[in-house]
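Report on the following structure.
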């Protein structure tokens, strides 16, 4: 009997999740009417789904969590939201002064930041990105230090044990960091476990964390947790960023710059 009750609850929650994803936003009264259940049961089901990261609870109901779509290779992504990435990169580059030592992560927006640092003087850049190296290798005023590791071809980046070991030697760097998805509840997430482990170590070494992310990354969740939102000092995004998300991030103490 207990097993059948548990099975019916799981099936009801599965159907509820599918309905929320279809409707995008639902209230408790709507759930009770649609599924013929009590308000208390509806709330319990919502709490269960929210705890699993499948929905987001809001006052009086719930909203669907937008899942980040599969990520194409880095060179293909460089063509997506190209104008927004250039504007974001210009603002982020303006936060870096001559004479600093910084870390540039992998990703197409960070690559655009690197492009705007070519004329800087006495700048030291640590990176695990081959794209960043290509942008800065010939810049006379920039010293580039590439961390070792295994080449991840889809990202043109280096990952693995050697990269992690090198990161443990670094301290107190300004970090310019690209991320797959940013959600108010789930924080920063990525779609690769190996890359996410590396991301956590990169964020750990930062004295100031500057996230560069266009509007398509906001309000989305990917498969692997990287870090909570409170690691972010500055987020640089574009004018198409959802206003309610920008406001919520600012209320959490994050300096959001709109490019």
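In the working numbering, the protein residues as written are -7 to 251. Where a beta carbon is used, it is the ideal one built from N, C-alpha and C, also for glycine.
Output needed for residue 125: all residues of its chain with C-beta closer than 7 Å, excluding positions within five of it in sequence on either side, in chain order.
119, 136 and 138
What's the gap between the Cα of residue 34 and the Cα of residue 53?
Straight through space, the alpha carbons of residue 53 and residue 34 are spaced by roughly 9 Å.
What is the residue span of the alpha helix (DSSP H) that residue 78 lies within?
74 to 85
Would you mind sorting residue 39 into buried or exposed? The rule is 16 or more other CB atoms within 10 Å of its CB.
Exposed, since its Cβ has fewer than 16 Cβ neighbours within 10 Å.
By Cβ distance below 7 Å, which residues in the same chain neighbour residue 149 in space, the five residues on each side in sequence not counted?
98, 120, 121 and 122
Taking the C-alpha atoms as reference points, what is the distance between residue 109 and residue 236?
32 Å
For residue 142, which residues from the same chain have a beta carbon less than 7 Å from its beta carbon, with the 5 sequence-adjacent residues on both sides left out?
150, 151 and 152
Assuming residue 201 and residue 175 are in contact, meaning their beta carbons sit under 8 Å apart, how far apart are those beta carbons, in whole angstroms?
Incorrect: roughly 17 Å between the Cβ atoms, too far for contact.
When burial is assigned at 16 or more other CB atoms within 10 Å of the CB, is residue 214 buried or exposed?
buried
Since I believe residue 183 is in contact with residue 192 (beta carbons under 8 Å), could you give me their beta-carbon distance rounded to a whole number of angstroms?
So it is not a contact: roughly 15 Å between Cβ atoms.
Are there 16 or more other CB atoms within 10 angstroms of the CB of residue 163, so buried, or fewer, so exposed?
exposed
By Cβ distance, which residues of its chain are closer than 6 Å to residue -7, with the 5 residues on each side in sequence left out?
In this prediction, residue -7 scores a pLDDT of 36, lower than 50, which makes its location untrustworthy; the coordinate-derived value is nonetheless stated afterwards. No residues qualify anywhere along the chain.
Could you have a look at residue 166 and say whether DSSP puts it in helix, strand or coil?
strand
Need the endpoints of the alpha helix (DSSP H) that residue 114 sits in, please.
Boundaries for residue 114: no alpha helix (DSSP H) harbours it, and the DSSP string shows neither H nor E there.
How many Å lie between residue 37 and residue 107 at the Cα?
49 Å
Measuring only the C-alpha atoms, how far is residue 186 from residue 218?
11 Å
Scan the region 143 to 222 and note each continuous alpha helix (DSSP H) run of 4 residues or more that stays entirely inside, going in chain order.
153 to 159 and 185 to 196
Please give the ranges of any beta strand (DSSP E) in the region 8 to 39, keeping only runs that are unbroken, at least 3 residues long and fully inside the region.
17 to 19
Under three-state DSSP, which class holds residue 2?
Helix, per DSSP.
Compare the C-alpha of residue 159 against each of 168, 113, 77 and 140 and name the closest.
140
Where do the ends of the alpha helix (DSSP H) carrying residue 101 lie?
100 to 107 is the span of the alpha helix (DSSP H), which, as asked, contains residue 101.
Using a Cβ-Cβ distance under 7 Å, would residue 188 count as near chain B?
Here chain B cannot be found, since the structure has a single protein chain.
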